[in-house]
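Each residue of the sequence shown is one higher than the one before, starting from 677 at the first, in this note's numbering. Idealized CB from N, CA, C, for every residue including glycine. Let me begin by presenting the structure, written as structure tokens, before commenting on it.
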Amino acid sequence: MNAQPDSHVATRHPLRFVRHGATAANLAGLRCGGDLDLPLTEQGREQAQAAAAQIARLDPAVGLIVTSDLQRTRETARIIASRLRGVPVVVEPAFGERLLGQWNLQSIAATQPLLEARQTPPGGESEDEFMARIEGALRRIAPCLARRPLLVGSKGVARVLGELSGRSGRLELANGVVETFDGARLMSLQAMGSAA
């Protein structure tokens, strides 16, 4: 990930993203933060297979898969990589979901207003800490945008990418959904980070 392609070329490429397949907590409507490392369910594996079929049809094709180190994202990435054949997978732990501490396995409905009010979960990560971590991870992969990466991550990571890309409204991706973000906007983060 240290290759330094021409940044003008890299800005023409989007960052593709897919949310991992469902875990048991996802299916039960419960919070599942980056400090709760759950595997995919059978339904989650089916969602990953469906996403892999969609990703295999993308043009231009994905040239690199980046995933967090959580079981659910790594398993989703493996399923996609097996469909794409030969596309390398790189693990970037900083792309893990927000740490939710005592909110893990709590109702999404009950905790959603707290998250939207930017409250910090007891024993978890603040919104500012989470955003800074994702920004740092983006700066590390920004030189690879010309390789047409696919980022396999969690719902919170997608939400942060949406905010950093200048989207209005709160992005709430379902499991297995593929989304595209503005590579030029994300490249500007790398430039700001290297200038600091």
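Around D745, the same chain offers V767, P769 as residues with beta carbons nearer than 6 Å, after the five sequence neighbours per side are excluded. If only uninterrupted alpha helix (DSSP H) runs of at least 4 residues are considered, those enclosed by the region 732-791 are 747-760.
Nearest in C-alpha terms to V828, of all of L740, A860, T749, F857, is T749. Under the 10 Å beta carbon count, R794 is surrounded by fewer than 16 other beta carbons and is classified as exposed.
Taking all protein chains shown into account, S783 has fewer than 16 neighbouring C-beta atoms within 10 Å of its C-beta and is therefore exposed. Of the candidates F806, A785, V854, the residue whose Cα lies closest to the Cα of T752 is V854. When the beta-carbon positions are compared, A732 and T717 stay at least 7 Å from each other.
Closest in alpha carbon position to P690, among R846, G838, G832, P825, is P825.
For E839, the closest of D858, A822, N851, G852 by C-alpha to C-alpha distance is D858. Here T856 is exposed, its C-beta having fewer than 16 other C-beta atoms within 10 Å. Collapsing the DSSP output to three states places L712 in coil. R809 is not a Cβ neighbour of G710, given a cutoff of 7 Å. In the three-state DSSP reduction, G829 falls in the strand class (E or B).
Of the residues I755, L760, V742, the one whose Cα lies closest to the Cα of L734 is L760.
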